[in-house]
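Shown next, in structure tokens, is the structure this report addresses.
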Amino acid sequence: MDAWLIKTGEPSIKIGISGGFGVTLAIKNTGEEDLSNVKWSVDINGAIFFGRKEGIIPSLNRGKK
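So our numbering is basically just the index in the sequence shown, starting at one, shifted up by 1.
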């Protein structure tokens, strides 16, 4: 009989927001594992937002933006 022991933990993601009139959002995986199907959404109060407000990042490798 086989058994597997898997250690899991919360992903570590860093989010950077910059800009003035235009806003730039950068998501970086700072954890030890590659991530997949990362859901994201943006909600900015008091501003007009052009572009996508939500989506899925299919693959977010560790140390990558």
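All C-beta atoms in this analysis are idealised placements derived from N, C-alpha and C, irrespective of residue type, glycine included.
One alpha carbon belongs to G47, the other to I14, and they sit about 26 angstroms apart.
Residue pairing of E34 in beta bridges, as defined by DSSP: absent, with no partner found. A Cβ-Cβ contact shorter than 9 angstroms links I57 with V39. Here I18 has L26 as same chain residues with Cβ atoms under 6 angstroms from its own Cβ, once five neighbours each way along the sequence are excluded. In the DSSP assignment, the residues bridged to I28 are I16.
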